[in-house]
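Colleague: The following block contains the structure, expressed as structure tokens.
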């Protein structure tokens with residue numbers, strides 16, 4: 005159970021996130037959508053106590069994340085490349101995370117075998133350090149690392165970006181399987197509305213730091229989201245007539 | 183065209199991370215740059231007369247100051263090359279976005295190489311050589327010879343500049359060469375073998391045969407041409423502009439598991455040092471510090487107790503100071519991971535501490551050869567080693583907690599070093615590191631005996647070991663308090 009109350013984050017009077025109240029029951033997988041600057045990554049950073057909230061707080065399984073560190077054992081995340089250790093091979097990285105999460109080497113080997121199709125013959129066993137892998141292959145390793153040690157809360161920031169089509173399909177399968185597990189709560193952000201509506205049980209739409217839509221997914225969700233985002237882009241479009249004479253407007 | 187390039191250059195300079203720091207640091211950096219230039223200019227102007235004085239006093243045996251300068255020029259150029267190797271940035275970084283734009287490749291390369299010429303490393307020597315040449319002219323040396331010599335010196339400087347472009351990719355050559363040069367320097371110091379007997383006349387040759395400046399000038403031109411063609415060939419994304427990929431090997435290092443929980447981090451730290459250029463350089467340079475004490479075995483510090491204590495701390499603690507002072511910045515590129523994983527700070531720090539303690543112990547053993555200079559040297563080394571492990575390890579970690587400079591592990595070039603790494607707090611923390619042991623030594627050596635002085639240093643180190651856990655708690659709290667600032671600072675890219 006995740007409980008967010010009055011959460012806001014300001015930088016020099018610019019509010020980048022302002023969520024009055026958001027509850028996520030245990031076992032739910034939530035898709036987070038929103039344009040650039042909507043506050044998705046800010047929310048994740050607050051969740052991982054990487055930045056401090058201006059007001060309010062996040063409670064994850066009765067633990068206030070900015071006060072106690074006890075959320076760490078049951079939470080895993082992959083937000084960006086700064087979650088990877090560049091000078092390790094993918095195997096070493098997974099073993100390292102495994103050791104931190106109390107797993108044996110054999111557990112990790114089993115995990116790698118289980119997801120061999122996800123790696124698609126790349127990333128693992130390539131005699132390359134993580135820093136030398138392509139963005140897509142780095143991401144594969146980062147995502148699999150979040151599955152280590154049966155975490156109860158998994159946070160993935162744009163997991164589909166940079167992945168090749170085969171891996172996207174396999175990632176969707178992995179997320180769907182996890183979302184059936186009643187112990188695993190997931191927060192996944194994406195710019196791809198089709199992916200989000202396919203894997204998430206609930207969709208939260210952020211715009212300029214505020215929750216503007218929050219609903220359990222149904223057959224019409226995709227169309228609704230598309231409608232909404234089309235509306236935003238039309239809002240910012242410059243009408244053709246005014247576009248023709250911008251200099252005159254300036255002079256006035 | 184030139185205007186465009188100049189504009190780009192100006193923006194990259196003004197907007198670079200080093201420049202964006204606060205005004206205070208900017209002034210300090212600018213101040214030091216000017217002080218350096220003035221010092222070199224001053225040295226160029228007065229060194230002739232100083233050496234002349236020394237010759238008259240009989241401290242140096244030579245017929246004239248010019249001969250002495252020529253004798254030591256080889257070391258000047260060696261040091262020049264070493265500094266370039268570590269500090270001078272190669273101009274490849276900004277080239278990529280220019281590649282597809284409508285310039286010829288020749289222009290891009292000329293621009294990049296031209297950029298290296300106007301660097302601080304070429305201006306600084308000019309500040310020495312120009313006044314020195316003027317003095318030579320005033321002192322009645324043959325003007326044609328002096329000018330030939332002067333052009334030769336500046337040509338060699340440029341030669342080194344272009345040479346460094348290649349050296350950059352040749353680690354395997356660099357370190358053996360460095361070791362040989364250190365050995366040559368030491369052997370000259372003790373009069374076993376004098377390399378300058380051969381190089382001195384070579385530099386004088388440029389004066390005696392005024393046409394001969396053509397040789398270095400031509401060589402400089404050849405290296406320029408060579409680096410030009412070399413760069414043009416390398417100007418592809420899959421050639422010179424490609425980041426070097428090493429063949430990776432998964433390592434187990436399971437033998438470290440006996441260290442218990444900290445082994446997880448210890449294994450990582452060893453890989454960190456083995457696989458990253460910057461960390462590796464720090465490690466290797468740490469060992470070169472062992473020879474630092476040789477400067478104190480003779481000369482003005484020769485035989486002084488101050489020299490012994492000071493040297494012992496440096497010889498045994500080279501790695502400790504250079505590596506430890508930058509904990510936790512070594513982990514800056516994945517700091518967010520470390521902060522969101524289940525990692526107790528104490529174990530993380532303890533692993534670094536053990537690494538420093540073990541390397542310091544090894545350095546101490548290696549430094550024992552100083553016993554050759556007298557048994558007191560051995561006592562000093564042992565006392566220094568104990569003090570470094572016992573107290574300085576923890577104090578260094580404490581200082582590191584305030585350092586928030588992200589480290590780019592893969593490169594070891596930073597003009598002016600990490601200026602951010604120096605701040606008032608870290609400066610204050612060098613007092614217990616360096617000054618305290620010297621004070622302790624004198625307090626006991628003057629009142630009781632030399633032996634008591636050394637014992638007192640070692641005992642202080644052991645006391646530090648006793649209070650280690652308490653100090654770790656303090657460091658842990660600092661880490662917690664500074665957590666968000668540190669994450670934000672590490673997220674900034676150059």
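Chains as they are written, first to last, in our numbering: chain A, 5 to 256; chain B, 183 to 676. The beta carbon of each residue, even a glycine, is placed where N, CA and C say it ideally should be. For clarity, every value in this text was computed on a predicted model and none was experimentally measured.
Quick one: give me the first and last residue of the beta strand (DSSP E) that residue 218 of chain A is part of.
Modeller: As a position in the first chain, residue 218 of chain A is number 214, starting the count at 1. Taken as a continuous stretch (DSSP letters only), the beta strand (DSSP E) holding residue 218 of chain A covers 214-220.
Colleague: Reducing DSSP to helix, strand and coil, say where residue 164 of chain A ends up.
Modeller: The residue labelled residue 164 of chain A in the question sits at position 160 within the first chain. If DSSP states are grouped into helix, strand and coil, residue 164 of chain A belongs with coil.
Colleague: Run through DSSP, which three-state label would residue 117 of chain A get?
Modeller: On the first chain, position 113 is the one that residue 117 of chain A refers to. Residue state, collapsed to three classes: helix.
Colleague: May I ask which residues mark the beginning and end of the alpha helix (DSSP H) holding residue 96 of chain A?
Modeller: In the first chain, residue 96 of chain A corresponds to position 92, counting from 1. Note, residue 96 of chain A: alpha helix (DSSP H), 94-104.
Colleague: Would a C-beta distance cut-off of 7 Å place residue 51 of chain A and residue 62 of chain A closer than the cut-off?
Modeller: Locating residue 51 of chain A in the first chain gives position 47, where the first residue counts as 1. Locating residue 62 of chain A in the first chain gives position 58, where the first residue counts as 1. Against a cut-off of 7 Å, the Cβ pair of residue 62 of chain A and residue 51 of chain A comes out as a contact.
Colleague: Tell me whether the beta-carbon of residue 116 of chain A lies closer than 7 Å to the beta-carbon of residue 128 of chain A.
Modeller: Stepping through the first chain from its first residue, residue 116 of chain A is reached at position 112. Stepping through the first chain from its first residue, residue 128 of chain A is reached at position 124. Yes. Within cutoff.
Colleague: Taking the Cβ atom as the reference point for each residue, do residue 639 of chain B and residue 565 of chain B lie within a distance shorter than 7 Å?
Modeller: The residue given as residue 639 of chain B occupies position 457 in the second chain. The residue given as residue 565 of chain B occupies position 383 in the second chain. Taking 7 Å as the Cβ cut-off, residue 639 of chain B and residue 565 of chain B qualify as a contacting pair.
Colleague: Quick check: the Cα distance between residue 487 of chain B and residue 551 of chain B, rounded to an integer number of angstroms?
Modeller: Counting from one through the second chain, the residue named residue 487 of chain B turns up at place 305. Counting from one through the second chain, the residue named residue 551 of chain B turns up at place 369. So the two alpha carbons sit approximately 18 Å from each other.
Colleague: For residue 391 of chain B, count neighbouring Cβ atoms within 10 angstroms of its own Cβ and tell me buried if that reaches 16, exposed if not.
Modeller: Translated into the one-based positions of the second chain, residue 391 of chain B becomes position 209. So residue 391 of chain B counts as exposed.
Colleague: Going along chain A, which residues have a C-beta under 8 Å from residue 407 of chain B?
Modeller: Stepping through the second chain from its first residue, residue 407 of chain B is reached at position 225. Per Cβ cutoff of 8 Å: no residues; residue 407 of chain B is ~33 Å from chain A at best.
Colleague: Please report the residue range of the beta strand (DSSP E) in which residue 10 of chain A lies.
Modeller: Translated into positions along the first chain, residue 10 of chain A becomes position 6. From DSSP, the beta strand (DSSP E) with residue 10 of chain A extends over 6-15.
Colleague: Between which two residues does the alpha helix (DSSP H) harbouring residue 616 of chain B extend?
Modeller: Residue 616 of chain B sits at position 434 when you count from the first residue of the second chain. From DSSP, residue 616 of chain B is part of no alpha helix (DSSP H); its letter is neither H nor E.
Colleague: Along the alpha helix (DSSP H) that carries residue 522 of chain B, what are the first and last residues, could you check?
Modeller: In the second chain, the residue the question calls residue 522 of chain B occupies position 340. Per DSSP, residue 522 of chain B belongs to the alpha helix (DSSP H) from 517-522.
Colleague: For the stretch 450-479 of chain B, which residues have a beta carbon sitting closer than 7 Å to at least one beta carbon of chain A?
Modeller: Those would be 450, 453, 454, 457, 458, in chain order.
Colleague: Using the Cα positions of residue 657 of chain B and residue 266 of chain B, report the straight-line distance between them to the nearest angstrom.
Modeller: Translated into positions along the second chain, residue 657 of chain B becomes position 475. Translated into positions along the second chain, residue 266 of chain B becomes position 84. Cα to Cα, residue 657 of chain B sits roughly 36 Å from residue 266 of chain B.
Colleague: Within 10 angstroms of the Cβ of residue 95 of chain A, are there 16 or more other Cβ atoms? Answer buried if so, exposed if not.
Modeller: Against the first chain, residue 95 of chain A aligns to sequence position 91. Buried.
Colleague: For the beta strand (DSSP E) holding residue 192 of chain A, just list the boundary residues, first then last.
Modeller: Residue numbering aside, residue 192 of chain A sits at position 188 when the first chain is read from its first letter. Note, residue 192 of chain A: beta strand (DSSP E), 189-193.
Colleague: For the beta strand (DSSP E) containing residue 314 of chain B, name the first residue and the last one.
Modeller: For the purposes of this step, residue 314 of chain B is taken as the residue at position 132 of the second chain. From DSSP, residue 314 of chain B is part of no beta strand (DSSP E) but of the alpha helix (DSSP H) over 302-320.
Colleague: Mark residue 619 of chain B as exposed unless 16 or more other C-beta atoms lie within 10 angstroms of its C-beta, in which case mark it buried.
Modeller: Residue mapping note: residue 619 of chain B aligns to position 437 of the second chain, counting from 1. Answer is buried; the Cβ neighbour count reaches 16.
Colleague: Could you tell me whether the stretch 152-163 of chain A touches the stretch 118-125 of chain A, where touching means 3 or more Cβ pairs closer than 8 Å?
Modeller: Touching, no.
Colleague: Keeping to the same chain, check which residues put their C-beta closer than 7 Å to that of residue 174 of chain A; ignore five residues upstream and five downstream.
Modeller: Mapped onto the first chain, residue 174 of chain A falls at position 170. Excluding residues within five positions, the ones whose Cβ falls inside 7 Å are 121, 122.
Colleague: Quick check: residue 532 of chain B and residue 444 of chain B, are their CB atoms within less than 7 Å of each other?
Modeller: For this step, residue 532 of chain B is matched to residue 350 along the second chain. For this step, residue 444 of chain B is matched to residue 262 along the second chain. Yes, the pair counts as a contact, with Cβ atoms nearer than the cut-off.
Colleague: If you check the beta carbons only, do residue 90 of chain A and residue 211 of chain A fall under 7 Å apart?
Modeller: Position 86 of the first chain holds residue 90 of chain A. Position 207 of the first chain holds residue 211 of chain A. Not a contact, by the Cβ cut-off of 7 Å.
Colleague: CA-CA distance, residue 498 of chain B and residue 546 of chain B?
Modeller: By 1-based counting over the second chain, the position of residue 498 of chain B is 316. By 1-based counting over the second chain, the position of residue 546 of chain B is 364. If you take the alpha carbons of residue 498 of chain B and residue 546 of chain B, they lie about 5 Å apart.
Colleague: From the DSSP output, in three-state form, read off residue 261 of chain B for me.
Modeller: For the purposes of this step, residue 261 of chain B is taken as residue 79 along the second chain, with counting starting at 1. In the structure shown, residue 261 of chain B sits in a helix (DSSP, three-state: H, G or I).
Colleague: Is there a Cβ of chain B sitting closer than 7 Å to that of residue 81 of chain A, yes or no?
Modeller: Along the first chain, read from residue 1 onward, the residue named residue 81 of chain A stands at position 77. Cβ-Cβ to chain B under 7 Å: yes for residue 81 of chain A.
Colleague: Which residues of chain A have a Cβ atom closer than 9 Å to the Cβ of residue 429 of chain B, listed in chain order?
Modeller: Stepping through the second chain from its first residue, residue 429 of chain B is reached at position 247. Those within 9 Å of residue 429 of chain B in chain A are 131, 132.
Colleague: Distance cutoff 7 Å, beta carbons only. Does residue 518 of chain B sit that close to anything in chain A?
Modeller: Here residue 518 of chain B is taken as the residue at index 336 of the second chain, counted from 1. Closer than 7 Å to some Cβ of chain A, the Cβ of residue 518 of chain B qualifies, so yes.
Colleague: List the residues of chain B whose Cβ lies closer than 7 Å to the Cβ of residue 92 of chain A, in chain order.
Modeller: Position 88 of the first chain holds residue 92 of chain A. Going along chain B in sequence order, the residues near residue 92 of chain A (Cβ under 7 Å) are 453.
Colleague: Who are the Cβ neighbours of residue 341 of chain B in its own chain at under 7 Å, not counting the five residues just before and after it?
Modeller: Stepping through the second chain from its first residue, residue 341 of chain B is reached at position 159. Once the five neighbours on either side are set aside, the close Cβ partners of residue 341 of chain B are 398, 401, 402, 405.
Colleague: Please check the pair residue 512 of chain B and residue 575 of chain B, which I expect to be a contact at CB under 8 Å, by giving their CB distance rounded to whole angstroms.
Modeller: Within the second chain, the letter at position 330 stands for residue 512 of chain B. Within the second chain, the letter at position 393 stands for residue 575 of chain B. The pair is not a contact, with the Cβ atoms about 15 Å apart (cut-off 8 Å).
Colleague: Out of B:476, B:518, B:502, point me to the one whose CA is closest to residue 673 of chain B's CA.
Modeller: Working through the second chain from its first residue, we reach residue 673 of chain B at position 491. When only C-alpha atoms are compared, the closest one is B:518.
Colleague: Given residue 671 of chain B, which residues of its chain have a CB within under 6 Å of its CB, disregarding the five upstream and five downstream residues?
Modeller: Counting from one through the second chain, the residue named residue 671 of chain B turns up at place 489. Once the five neighbours on either side are set aside, the close Cβ partners of residue 671 of chain B are 586.
Colleague: The beta strand (DSSP E) that contains residue 650 of chain B, what's its start and end?
Modeller: Here residue 650 of chain B is taken as the residue at index 468 of the second chain, counted from 1. Unbroken run through residue 650 of chain B is the alpha helix (DSSP H), 650-673; no beta strand (DSSP E).
Colleague: Kindly indicate the opening and closing residues of the beta strand (DSSP E) around residue 231 of chain A.
Modeller: The count along the first chain starts at 1 and reaches residue 231 of chain A at position 227. From DSSP, residue 231 of chain A is part of no beta strand (DSSP E) but of the alpha helix (DSSP H) over 225-240.
Colleague: At the level of alpha carbons, what is the spacing between residue 11 of chain A and residue 47 of chain A?
Modeller: Locating residue 11 of chain A in the first chain gives position 7, where the first residue counts as 1. Locating residue 47 of chain A in the first chain gives position 43, where the first residue counts as 1. Residue 11 of chain A and residue 47 of chain A: Cα-Cα distance of roughly 9 Å.
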